[in-house]
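Student: In the numbering used here, the protein residues as written are 12 to 415.
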Amino acid sequence: MFEILTTDQMYEADRRTIEGGIPGDVLMQNAGRAVFEEIIRHWSPRSVSVLCGPGNNGGDGFAIAKLLRDEGWSVRLGLMGDVADLKGDAALHAARWEGATELLSPALVVGADLVVDCIFGAGLARAITGDIAELVTTINSSPCSVVAVDVPSGVDGNTGMVLGVAVKADLTVTFCRAKPGHYLLPGRLMCGELAVRDIGITDQTVLDIAPACWRNDPVLWRAGIHWPGLEGHKYHRGHLLAFGGATMTGATRLVARAARRSGVGLLTIVADAQALPIYASDAPGNMTAPMSAFDALVNDCRHNAFVIGPGFGVGDDTRALVLKLLHLCRATVLDADALTSFAEDPSTLCFAVQGPTVLTPHEGEFARLFPDITGDKLCRARAAAKRCSATVLIKGADTVIAAP
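1) Am I right that G211 and G249 are in contact with their C-beta atoms under 8 Å? What's the rounded C-beta distance?
2) According to DSSP, simplified to helix, strand and coil, what is L62?
3) Do you know offhand how far A284's Cα is from T368's?
4) How would you label P34, buried or exposed, when you count the other beta carbons within 10 angstroms and need 16 or more for buried?
5) On the three-state DSSP scale, how would you describe S292?
6) Nearest to V344 by CA position, among Q20, V364 and C155, is which residue?
7) L205 by DSSP, collapsed to three states: which one?
8) Should the stretch 217-227 be regarded as contacting the stretch 259-268, the criterion being three or more beta carbon pairs within less than 8 Å?
9) Around the Cβ of S292, are there at least 16 other Cβ atoms within 10 angstroms (buried) or fewer (exposed)?
10) L103 by DSSP, collapsed to three states: which one?
11) Applying the 10 Å Cβ sphere with the 16-neighbour rule, what's the burial state of C187?
12) In this structure, how does DSSP classify A223 when only helix, strand and coil are distinguished?
13) So, under 8 Å CB-CB, A105 and F73 are touching, yes? Tell me the CB distance rounded to an integer number of Å.
14) Please determine, among L125, V61 and G203, the residue with the shortest C-alpha to C-alpha distance to W108.
15) Which whole runs of the alpha helix (DSSP H) in the stretch 15-85 are 4 residues long or more, in chain order?
16) Taking 8 Å as the threshold, find out whether the stretch 82-97 comes into contact with the stretch 18-30 through three or more Cβ pairs.
Okay, structure coming up:
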């Protein structure tokens with residue numbers, strides 16, 4: 012379940028499932044039961060207010076409210092709008108609710124021990140304003156626990172952006188697969204704990220939709236690592252040249268540790284001669300070589316991967332070295348100063364990429380390299396990867412990796 016679905020893809024998964032024979036009201040009942048089960052797993056019976064919007068997210072709320080009430084919980088239900096205006100499956104579940112339906116207002120939050128947010132789902136495309144914004148503010152300032160259904164109201168399911176204001180949940184329950192907004196900031200901060208629950212949509216249905224985004228997990232890439240074998244030797248796993256700075260040595264030493272831990276066969280740190288004792292003393296696995304040997308080192312075809320940039324220094328010399336490395340068409344990772352050195356002329360960097368290349372900017376470095384690429388983090392990473400024909404990794408608490 013590592014696939015991440017956009018809101019449109021999730022709607023399509025619902026549609027195909029209904030077309031395949033599972034009625035929409037059954038999917039809604041399954042969603043309601045999934046949230047109900049998460050609630051009773053996390054909390055003992057208490058007073059709960061279920062806040063329902065005018066769409067299917069609100070229909071989920073009616074199903075949740077009925078299940079909680081049947082279990083003996085004290086339940087109040089508030090609806091945005093009139094019950095008579097509900098359509099389809101939401102109307103069916105509203106008709107099954109036997110309790111009172113109040114007008115959605117901040118009064119429902121006051122005195123509640125638990126609030127269930129079913130106001131807006133992941134497809135919200137407008138900012139929350141007015142009375143609903145006031146309600147969200149009341150929820151966020153209340154001491155009660157909060158469960159969000161699908162996504163916290165006010166969070167864009169595709170981008171994680173907050174549309175005006177957003178509910179800050181302790182637990183978010185979503186269905187089938189997570190959405191980008193569950194993992195991208197600031198949406199991730201609003202979700203609290205995330206539970207992804209099955210409601211009857213098959214794995215094959217998800218695969219048929221052809222998702223283009225995945226949550227990173229070792230299961231996805233572990234098999235691609237060249238693990239040491241009994242009959243193998245170090246050159247089977249590559250020889251990395253890591254180019255380090257003369258004074259800011261920490262970042263390259265961390266690169267070396269990461270390379271060794273991931274199974275590199277041989278590692279040589281290349282730096283100014285006066286810095287080599289620092290690199291050599293960091294770990295016995297660090298071989299070192301002076302920068303004066305650059306040409307001989309890179310022309311040795313046994314050196315089949317390069318990392319340059321961390322603590323290396325910004326300037327024309329760095330640019331020239333990067334271009335030489337890219338011309339060799341070997342696996343190359345460009346980070347930090349190697350990227351910033353092209354801030355005035357990023358097109359030169361993109362045109363120079365020929366072999367397998369990874370760019371690893373943080374947000375500031377990305378903005379310097381790609382000032383014209385805007386939008387959410389996923390879209391920006393994909394656009395930059397396509398432009399440079401390189402893998403682009405935008406670093407952060409919500410790191411995104413995009414292939415060309």
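Beta carbons: idealized from backbone N, C-alpha and C, even for Gly.
Tutor: Answer, in terms of the structure:
1) At roughly 46 Å, the Cβ-Cβ gap does not stay under 8 Å, so G211 and G249 are not in contact.
2) strand
3) 27 Å
4) exposed
5) helix
6) V364
7) strand
8) no
9) exposed
10) helix
11) buried
12) coil
13) 5 Å
14) V61
15) 18-30, 35-53 and 67-81
16) no
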